[in-house]
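Enquirer:
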Amino acid sequence: MEGNMSAVEIKPISGGVGVEISNVDLSKELSNSDFSTIRDAFIEHGLIFFHDQNLTPEQHIEFAERWAPININRFFAKVPGYEKIAEVRKEPDQTSNIGGGWHTDHSYDQIPAMGSILLARETPPIGGDTLFACMYKAYESLSPGLKKTLEAMNAVHSSRHVFGEQSAYKDEFGERLGNASAATQDAIHPVIITHPESGRKALYVNPGFTIHFEGWTAAESKPLLDYLYKHAATLENTTRFQWREGSIAFWDNRATWHYALNDYHGERRVMHRITLDGGPLN
Ligand code: SIN
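Note that this note's numbering has the sequence shown beginning at -14, numbered continuously upward.
(1) Using 8 Å as the Cβ pair cut-off and three pairs as the minimum, do the region 87 to 100 and the region 131 to 146 touch?
(2) Tell me whether residue 63 sits in a helix, a strand or coil according to DSSP, three-state version.
(3) Check whether the Cβ atoms of residue 44 and residue 18 lie closer than 8 Å to each other.
(4) Here's the rule: buried if 16 or more other CB atoms are within 10 angstroms of the residue's CB, otherwise exposed. What is residue 193?
(5) One question on the structure: do residue 58 and residue 71 come within less than 8 Å of each other, judged by their Cβ atoms?
(6) Taking 8 Å as the cut-off, decide whether the C-beta atoms of residue 224 and residue 1 are in contact.
(7) Quick test of the definition: if touching needs 3 or more C-beta pairs under 8 Å, does the region 102 to 113 touch the region 251 to 259?
(8) What did DSSP end up calling residue 175 once you bin it into helix, strand or coil?
(9) Do you know offhand how far residue 198's Cα is from residue 222's?
(10) With burial defined as no fewer than 16 other Cβ atoms inside 10 Å of the residue's Cβ, what is the status of residue 266: buried or exposed?
(11) Just to confirm, does residue 243 get its C-beta within under 7 Å of one of the non-hydrogen atoms of the ligand SIN?
(12) Just to confirm, are residue 235 and residue 46 a CB contact at a threshold of 8 Å?
(13) Please state whether the Cβ-Cβ distance between residue 120 and residue 213 is less than 8 Å.
(14) Could you check whether residue 243 and residue 84 sit closer than 8 Å to each other, using their CB atoms as the reference points?
(15) CA-CA distance, residue 115 and residue 229?
(16) Using only alpha-carbon positions, find the residue among 264, 122, 260, 7 that is nearest to residue 182.
(17) Please work out which residues of its chain come closer than 7 Å, Cβ to Cβ, to residue 190, disregarding the five sequence neighbours upstream and downstream, and give them in chain order.
(18) Is it buried or exposed, residue 220, if we count other Cβ atoms within 10 angstroms and call 16 or more buried?
(19) What do you reckon, are the CB atoms on residue 186 and residue 195 nearer than 8 Å?
(20) For residue 170 and residue 5, what's the separation of their Cα atoms in angstroms?
(21) Go through its chain and collect everything with a Cβ distance to residue 118's Cβ below 6 Å, but skip five positions before and after it.
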């Protein structure tokens, strides 16, 4: 279908952030019209969800590659046989989960990933939801004075404390994370970025990977970072997504944070994540 004939439906799932897209089958090649409708929703909202998309790994890769080249995460275990798909797994006997705190993926890279497409393979009967927060709204709801101050600042982001040799989580995650010796580089990004596609400004610091403001010590940075984190995670600025097998969340790392809830001990949860290349942030 071309022109205005796309039957894709788009519905917000909360007042905070995120829309659910239905009436589309991602296992099939999308028409240009459907793809463009979905792309516009992604750029506008920064967070799109789908249900009942039981894609094969090949179809998951094919859908992802329509958006951008795949960025292979260097720390996550891979889905066996699929180098391009990271596995986010928690077994019934494990207590720690991957992504269990507010963060945005790959902010520790000089050129951070654009987004991630997470597909639910096995979900617990109850729990295992993911929370998301909108970084456009986090920026827009700051005072003019604080906006101006932050617009002149950069922040340093790192993977060392999460994925590196000295990570407190190293033993907990065992085989699920690895390659600690690759957690060597830090990255500096503006605290307020202008989204390269929507043109909107967004807050770009996160509790997972931001370690301090450029030119400030960690101790000096902490009070202001803590303020920003509390502000950004205001409940009205968030949404909570309930998964079932075949659900997909596709988030824009430049416009959102996410947080995988760890409230399903004794159950298995398995997700397949493909992360997409982004560009430099300004
Ligand atoms: C992640 O942080 O990428 C994982 C999110 C989730 O498992 O819900």
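Ideal Cβ placement from N, Cα and C applies to all residues, glycine included.
Expert: Looking at the coordinates:
(1) Contact holds between the region 87 to 100 and the region 131 to 146, because three or more Cβ pairs, one in each stretch, are under 8 Å apart.
(2) Numbered from 1 along the sequence shown, position 78 holds the residue referred to as residue 63. Of the three classes helix, strand and coil, the one that applies to residue 63 here is strand, per DSSP.
(3) Here residue 44 refers to the residue found at position 59 of the sequence shown. Here residue 18 refers to the residue found at position 33 of the sequence shown. Taking the C-beta atoms as reference points, residue 18 is found no nearer than 8 Å to residue 44.
(4) For this step, residue 193 is matched to residue 208 along the sequence shown. The residue is buried, with at least 16 neighbouring Cβ atoms inside 10 Å.
(5) Along the sequence shown, read from residue 1 onward, the residue named residue 58 stands at position 73. Along the sequence shown, read from residue 1 onward, the residue named residue 71 stands at position 86. Judged by their CB atoms, residue 58 and residue 71 are nearer to each other than the 8 Å cut-off.
(6) If you number the sequence shown from 1, residue 224 lands on position 239. If you number the sequence shown from 1, residue 1 lands on position 16. Inclusion of residue 224 and residue 1 in the CB contact set at 8 Å is warranted, their separation being smaller than that value.
(7) With three or more CB-CB distances shorter than 8 Å, the region 102 to 113 counts as touching the region 251 to 259.
(8) The residue labelled residue 175 in the question sits at position 190 within the sequence shown. In the structure shown, residue 175 adopts extended strand secondary structure according to DSSP, grouped into three states.
(9) As a working note, residue 198 is residue 213 in the sequence shown. As a working note, residue 222 is residue 237 in the sequence shown. Going by the C-alpha atoms only, they are around 24 Å apart.
(10) As a working mapping, residue 266 is identified with position 281 in the sequence shown. Buried, by the Cβ-count rule.
(11) By one-based count along the sequence shown, residue 243 stands at place 258. Indeed, a heavy atom of the ligand SIN lies less than 7 Å from the Cβ.
(12) Position 250 of the sequence shown holds residue 235. Position 61 of the sequence shown holds residue 46. The criterion of a C-beta distance shorter than 8 Å is not satisfied by residue 235 and residue 46.
(13) Counted from its first residue, the sequence shown places residue 120 at position 135. Counted from its first residue, the sequence shown places residue 213 at position 228. For residue 120 and residue 213, no; Cβs fall outside 8 Å.
(14) Numbered from its first residue, the sequence shown carries residue 84 at position 99. Numbered from its first residue, the sequence shown carries residue 243 at position 258. A contact, by the Cβ cut-off of 8 Å.
(15) The count along the sequence shown starts at 1 and reaches residue 115 at position 130. The count along the sequence shown starts at 1 and reaches residue 229 at position 244. The straight-line gap from Cα to Cα measures roughly 12 Å.
(16) As a working mapping, residue 182 is identified with position 197 in the sequence shown. Out of 264, 122, 260, 7, 264 has the C-alpha closest to the C-alpha of residue 182.
(17) Start at 1 with the first residue of the sequence shown, and residue 190 comes out as number 205. So the list reads 140, 176, 210, 213, once near-sequence residues are dropped.
(18) The count along the sequence shown starts at 1 and reaches residue 220 at position 235. Exposed: under 16 other Cβ atoms inside 10 Å.
(19) The residue given as residue 186 occupies position 201 in the sequence shown. The residue given as residue 195 occupies position 210 in the sequence shown. Not in contact: residue 186 and residue 195 (Cβ atoms no closer than 8 Å).
(20) Along the sequence shown, one-based indexing puts residue 170 at 185. Along the sequence shown, one-based indexing puts residue 5 at 20. Distance between the alpha carbons of residue 170 and residue 5 is about 36 Å.
(21) Residue mapping note: residue 118 aligns to position 133 of the sequence shown, counting from 1. Within the same chain, 217, 218, 222, 223, 242 come within 6 Å of residue 118 by CB-CB distance, once the 5 residues on both sides are set aside.
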